[in-house]
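Peer 1: Residue numbers (this note's numbering), protein chains in the order written: chain A, -19 to 320; chain B, -19 to 320; chain C, -19 to 320. A virtual CB, placed ideally from N, CA and C, is assigned to each residue, including glycine. Below is a structure I'd like to ask you about.
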């Protein structure tokens, strides 16, 4: 099922340097590519890898291609072109329609004819599973939850009752969508649970990482926009709203009722406290903590950088006296003024 | 199954302003509430929402009620009152007693007659499941583990062997209770596993979030007190002890053998290193790292705050030279003394 | 199935002080040990516990044993000796060979005769399960994945297609190995998924904690070396490589393509950004963020320490003006030079 370099270039709106007749059958890194593999260079620092590659063709920018004697396909954005080409050369395995004999499907659930329901999956009453959906082994879809066209749910993932997923989403294994939000009222020294009555509404083309958790809303819904990409082990609390095409890296925590704009990028292990508004096009660097709303696009950070521990401890110890240090500075400044 | 405003006020020890005869059938936010919904305002900054609401009744403090012309129920603590009222208006779905045909129950396990064992649940030898317990689809209860009265365990959660859960607990989907603690002895350059022989003992009215992990003890048990509330993706290491009514937000990590007091509140993504003692009534702010025992109640923090990245980088770069900076300050101070 | 003190000392290359004929049947802490339990003291600060213990024998260093009148076994490293002795006294439960009737095994999977396949486990086509492997209830092994000799996989863990685990590994419940890496190309304002075509290759004697996630590589594999120990809720991104005998504590995140050396120790909640190289024998303290490659062994840190919040807020507020503060200092220094 290969693609000729000429045909691939046409589909990618690129042009060919070199032998346009080569047939490509797969993708690989420059180092590992064989004569029928497509490779790419997006970052100029990896251009040296071109010297020894025997790749069938390489996706390159115009300027990079000028330095390469092998076959290349010149495109504006080699990484984006590679993403598309790799999907054509390695399409997801075809779905075998049908409900596995060991799946437990409630008679009042609706399963589209082309859907694939894996072994041991459990689907509760009123659930609605659209065409071309794939539910992995052991996953659970709660009552009255809707799964849109061609969405794939990984093994042992759990989507509880009353939630809704759009089309073409990917939910990775172990993810939990729709568990109760963390809502309690303090009643003397004990906590009284506030029933969590909202749902989770997820748009189209959303990806949700392995063991990530997205809680249901307290009264209104938790809402994830179209095209949002969420990595593994991310916590999205109740009533959070995330705008279209925002990407969230691993181990991020977003506290309750925070609203995040479109096209944001949140680095790994970053945290956002509750009840904030984050504008569109905001980037948060890895490990940062956002404690106040952000009104303007831009990059925000509170990341520190590990250094040798003896050096760090001396500096950090001073940090814990910084207010005193500034007072000493102020005193010197005042003395200096008097004496001048 | 509604409740009249007058009756609700009586059950909540409150009094009514307005029409006490309205029948309430559900709860909602001020914006979405209909004529038969109960709503509430706990935070004065949301009082403006009263202007346009058509809620059947609103739970308010005395002073807020004075400003509202609609029907209100005046209570001391509107949020706590709402938590209780919402549970009465939206009680958890009734439990259907019985063991699903696809559950795998060891003949030497004891299942109380009123318990609900979901599809594909697996219950090992010697497990003891009390009355009114609900075990969700695909969850696993290990050998000789006891689950107390009316506790609910979510889909695909795992509770390993030799653990004990109290009454009325909620364990959310994907949580893992009783995996081995992270215990090794260094033997030259390799690690030798230390068998983890303790269990996990969990009190009554405890809630454990989705995909949270609580490890079994090495020799003694890991212990979670009564009324403790733990959010999603929290790691509780071996031999940790958590006091009654402490609340722990998402993504927190608590290292081995640390003892946490009663009524503590630990903010999201905070960390507590091992072998510490944290007093009762301690609050840790989000993202903070606790590296030493805390002997007194109070709020503790090492949280930073994200700011625009260019500004942050200039400041953070200085932090990495803070010790030198203070030495320069000291030199100036000495010079200043000499010259004065 | 006890062991006499004399025999235990011989197996541990130690010698006995006191009664070498005592039969030991278990292990316990000093406080809880009975007359037939083995205990140990590794940390001198716990030596006071020797006063009241009735343990059958205690593993001690030579100097500690000199202070103890009860029976002790003197060894060079009491903790390492205890780890081994505890495994002898509490061996893992014997494995019952065979495939549970409710497991779903593809006819084209190969299951060794002595392997134990638990209830509801699902094993896909081409999977290869070696002798003495234990697969827990509800776990999933994807197509063409190989599980090496005597490896144990916990309940509801997921290992997707095309991965490989070595011998004697332990995978704890809920772990997900081989989910797609977080790889997208930006295409205007949307994200295009980059197919994740690599696998995960895991060495021998590796332990992987509960609900931990290890993503498959994009083109090449994600690689975990021999003897690596990974705690709960850790995220290992695509194409990461971790060297032999490295230990990673809970809640750590390691971003894509980072290479970590041998015998490293990464503290809880630490983060390592992508595309870095970390040398052998590097220790990262809890909560630190590594943002640049580390070329030399040693301890690295950016950990802060929580302190009372009013004090912390005053200091942290100054940090956000540190660059200005240093400018003020510089000005004073210049004035001081001029005036001297």
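Roughly how many whole angstroms lie between the Cα atoms of residue 179 of chain B and residue 268 of chain A?
Peer 2: Looking at the two C-alpha atoms, the distance is approximately 36 Å.
Peer 1: Can you find the residues in the same chain that come closer than 6 Å, C-beta to C-beta, to residue 254 of chain B, ignoring five residues on each side of it along the sequence?
Peer 2: Closer than 6 Å at Cβ, skipping near neighbours: 235, 236, 237 and 238.
Peer 1: Against residue 136 of chain B, what residues of chain A qualify as contacts under a CB-to-CB distance less than 9 Å, listed in chain order?
Peer 2: The contacting residues are 118, 119, 120, 136, 137, 138, 154 and 156.
Peer 1: Suppose contacts are defined by Cβ-Cβ distances below 7 Å. Is residue 73 of chain C in contact with residue 7 of chain C by that definition?
Peer 2: In this structure, residue 7 of chain C does not lie closer than 7 Å to residue 73 of chain C by Cβ.
Peer 1: I need the DSSP call for residue 187 of chain B, collapsed to helix, strand or coil.
Peer 2: In this structure, residue 187 of chain B counts as strand in the three-state DSSP scheme.
Peer 1: Pull out every residue of the region 271 to 287 of chain B whose Cβ sits closer than 7 Å to any Cβ of chain A, in chain order.
Peer 2: Those residues of the region 271 to 287 of chain B that come within reach of chain A (Cβ to Cβ, closer than 7 Å) are 283, 284, 285, 286 and 287.
Peer 1: Is there at least one non-hydrogen atom of the ligand HEM closer than 6 Å to the beta-carbon of residue 278 of chain C?
Peer 2: Ligands are entirely absent from the displayed structure, and the ligand HEM is therefore not among its contents.
Peer 1: Are at least three pairs of beta-carbons, each pair with one atom in the region 210 to 217 of chain B and one in the region 255 to 267 of chain B, less than 8 Å apart?
Peer 2: No, the region 210 to 217 of chain B does not touch the region 255 to 267 of chain B.
Peer 1: Could you tell me which whole alpha helix (DSSP H) segments of length 4 or greater appear in the region 86 to 131 of chain A?
Peer 2: As far as the region 86 to 131 of chain A is concerned, it has no whole alpha helix (DSSP H) run of at least 4 residues.
Peer 1: Per DSSP, which residues does residue 193 of chain C bridge with? Please list them.
Peer 2: Looking at the DSSP assignment, residue 193 of chain C forms a beta bridge with C/156 and C/215.
Peer 1: Listed from N- to C-terminal order along the chain, which residues in the region 79 to 96 of chain B have their beta-carbon within a distance smaller than 9 Å of any beta-carbon of chain C?
Peer 2: Residues passing the 9 Å Cβ filter: 82 and 84.
Peer 1: Which runs of the beta strand (DSSP E), 3 residues or longer, sit entirely within the region -19 to 9 of chain C?
Peer 2: Listed in chain order, the complete beta strand (DSSP E) runs (minimum 3 residues) inside the region -19 to 9 of chain C are -5 to -3.
Peer 1: Rounded to whole angstroms, what's the CA-CA distance from residue 85 of chain C to residue -3 of chain A? Just pull it up for me.
Peer 2: Roughly 49 Å between the two C-alpha positions.
Peer 1: From residue 220 of chain B to residue 130 of chain A, what distance separates their C-alpha atoms?
Peer 2: Residue 220 of chain B and residue 130 of chain A: Cα-Cα distance of roughly 44 Å.
Peer 1: Once the 5 residues before and after residue 29 of chain B are set aside, which same chain residues still bring their CB inside 6 Å of it?
Peer 2: If we look at residue 29 of chain B and ignore the five residues flanking it on each side, its Cβ neighbours are 10.
Peer 1: For residue 279 of chain C versus residue 250 of chain C, is the C-beta distance shorter than 7 Å?
Peer 2: No. Outside cutoff.
Peer 1: Going by DSSP in three states, residue 169 of chain A sits in which element: helix, strand or coil?
Peer 2: DSSP places residue 169 of chain A in coil when its eight states are reduced to three.
Peer 1: For residue 285 of chain C, count the other beta carbons within 10 Å of its own beta carbon; 16 or more makes it buried, fewer makes it exposed. Which is it?
Peer 2: Residue 285 of chain C comes out buried.
Peer 1: Bridge partners of residue 20 of chain B, per DSSP?
Peer 2: Paired residue(s): B/39.
Peer 1: Beta-carbon within less than 8 Å of residue 275 of chain A's beta-carbon, same chain only, minus the 5 sequence neighbours each way: which residues are those?
Peer 2: Excluding residues within five positions, the ones whose Cβ falls inside 8 Å are 257 and 259.
Peer 1: Pick from A/-16, A/39 and A/162: whose alpha carbon is nearest that of residue 0 of chain A?
Peer 2: Closest by alpha carbon: A/-16.
Peer 1: Counting beta carbon pairs with one atom in the region 183 to 200 of chain A and one in the region 150 to 163 of chain C, are three or more of them shorter than 8 Å?
Peer 2: Touching, yes, given that three or more Cβ pairs across the two stretches are closer than 8 Å.
Peer 1: Can residue 273 of chain B and residue 292 of chain C be called in contact, C-beta distance under 7 Å?
Peer 2: No; because the gap between Cβ atoms is not below 7 Å, this pair is not in contact.
Peer 1: So if I threshold CB-CB distances at 8 Å, which residues from the region 195 to 217 of chain C count as touching chain B?
Peer 2: Cβ contacts with chain B come from 207, 209, 211, 212 and 213.
Peer 1: On the three-state DSSP scale, how would you describe residue 316 of chain B?
Peer 2: Of the three classes helix, strand and coil, the one that applies to residue 316 of chain B here is helix, per DSSP.
Peer 1: With a threshold of 7 Å between beta-carbons, can residue 171 of chain A be considered close to chain B, or not?
Peer 2: Taking Cβ atoms only, chain B reaches closer than 7 Å to residue 171 of chain A, which makes this a yes.
Peer 1: Answer with yes or no whether the minimum CB distance from residue 8 of chain C to chain E is below 7 Å.
Peer 2: Here chain E cannot be found, since the structure's protein chains are A, B and C.
Peer 1: In angstroms, rounded to a whole number, what distance separates the CA positions of residue 124 of chain B and residue 114 of chain B?
Peer 2: Whole-angstrom Cα-Cα distance: 18 Å.
Peer 1: To the nearest whole angstrom, what separates the beta carbons of residue 140 of chain C and residue 90 of chain C, a pair I think is in contact under 8 Å?
Peer 2: Rounded, the Cβ-Cβ distance is 18 Å, inconsistent with contact.
Peer 1: Quick one: list the residues of chain B neighbouring residue 257 of chain A, beta-carbon separation under 9 Å, in chain order.
Peer 2: Neighbours of residue 257 of chain A on chain B: none; closest Cβ ~14 Å, over 9 Å.
Peer 1: In the DSSP assignment, what are the bridge partners of residue 257 of chain C?
Peer 2: Paired residue(s): C/239.
Peer 1: Using a Cβ cut-off of 7 Å, pull out every chain B residue sitting near residue 98 of chain A, in sequence order please.
Peer 2: Ordered by position in chain B, no residue passes the 7 Å Cβ test against residue 98 of chain A, which lies about 12 Å from the chain.
Peer 1: Do you know offhand how far residue 168 of chain B's Cα is from residue 241 of chain C's?
Peer 2: If I take the Cα positions, the gap works out to 17 Å.
Peer 1: Let me see if you follow: with CB-CB separation under 7 Å, is residue 182 of chain B close to chain C or not?
Peer 2: It does not; no Cβ of chain C falls within 7 Å.
Peer 1: Have a look at residue 79 of chain B and residue 68 of chain B and give me their C-alpha separation to the nearest angstrom.
Peer 2: Cα to Cα, the separation comes out at about 28 Å.
Peer 1: Excluding the 5 residues flanking residue 343 of chain A on each side, which residues of the same chain have their C-beta closer than 7 Å to its C-beta?
Peer 2: Absent from the structure is residue 343 of chain A, since the part of chain A shown begins at -19 and ends at 320.
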